[in-house]
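Take a look at the structure:
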């Protein structure tokens, strides 16, 4: 599903953010990527969604070679990858339904498909009774659920969640992590980028640890080992 071979990313003039990373993530896995600030987590996430290209090495996702991907093919790639960030980036003057539908509209989906899919994904995330609410009428946890619903509209093979609980309290954090586990149980590969020790340790899933841009640990049932 996801294959990195000797991937490095160097920013001008000579700043190496990722160095010689090799790893594979299989379809249906739930993987946490952890590391201190500056470890390379964000750069790795940007590489996975083709916002950045590797300086060296090869990166493949679901058969797409990110190293050689053409710019015109990037939107198609990103429809295979659901993306959830710490910043909700919701449209404040659009309802829950409209925020989720917008992701389909910009991809050129027809009205019938939108009316079919939006209620489905909103039900998955537990917002089927709040379709008419606006972002300011929702809690932080509910806003993040809208973001997750929006990321699911194209039925992605991979869900990349970059610090999805960074702005949430403990209770909402737990709810969001349980939702990500539920989505993973449907067969979606989940890649969670986080610095939250409690979340990582509660998952008891695979943990990849980065330090200074390199993989220093990759454990099938890992824990957050950094001090």
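Numbering (my numbering), first residue to last: -15 to 211. Glycine included, C-beta positions come from ideal geometry on N, C-alpha and C. All of these numbers come straight from a predicted model, not from anything done at the bench.
Judged by DSSP in its simplified three-state form, residue 72 adopts coil rather than helix or strand. For residue -5, same chain residues with a beta-carbon under 7 Å away, outside a window of 5 residues either side, are 1 in chain order.
When secondary structure is reduced to three states using DSSP, residue 157 falls in the helix class. Out of 116, 154, 109, the CA that lies nearest to the CA of residue 168 is found in 109. Excluding its 5 nearest sequence neighbours in each direction, residue 12 has C-beta neighbours in its own chain below 7 Å: 171, 173, listed in chain order.
A distance of 8 Å or more separates the beta carbons of residue 80 and residue 135. In terms of CA proximity to residue -12, 38 leads the group 122, 78, 38, 94. Rounded to the nearest whole angstrom, the C-alpha separation of residue 15 and residue -9 is 18 Å.
When the Cα atoms are used, residue 138 and residue 88 turn out to be separated by approximately 8 Å. With a cutoff of 8 Å on beta-carbon distance, residue 24 and residue 206 are scored as not near each other. The shortest CA-to-CA distance from residue 59 to any of 35, 161, 8, 157 is the one to 35.
Ranked by Cα distance from residue 64, the first of 45, 155, 150 is 45. The DSSP assignment places 58 to 63, 80 to 89, 95 to 108 as complete runs of the alpha helix (DSSP H) inside the stretch 56 to 109, in order along the chain (cut-off: 4 residues). Annotation for residue 124: the continuous alpha helix (DSSP H) segment containing it runs 124 to 136. For residue 29, there is no enclosing beta strand (DSSP E); the enclosing alpha helix (DSSP H) has its first and last residue at 25 to 32.
Close CB contacts of residue 93 within its chain, under the 6 Å cut and outside five residues either way in sequence, are absent. Taking each of 155, 106, 141 in turn and checking the Cα distance to residue 131, the smallest one comes out for 106.
The residue among 210, 141, 202, -2 with its C-alpha nearest the C-alpha of residue 61 is 141. For the 8 Å CB-CB criterion, residue 128 and residue 98 do not form a contact. DSSP, reduced to helix, strand and coil, places residue 166 within a helical segment of the structure shown.
Comparing alpha-carbon positions, the option among 85, 95, 166 lying closest to residue 102 turns out to be 85. Around the beta-carbon of residue 22, fewer than 16 other beta-carbon atoms lie within 10 Å, marking it exposed.
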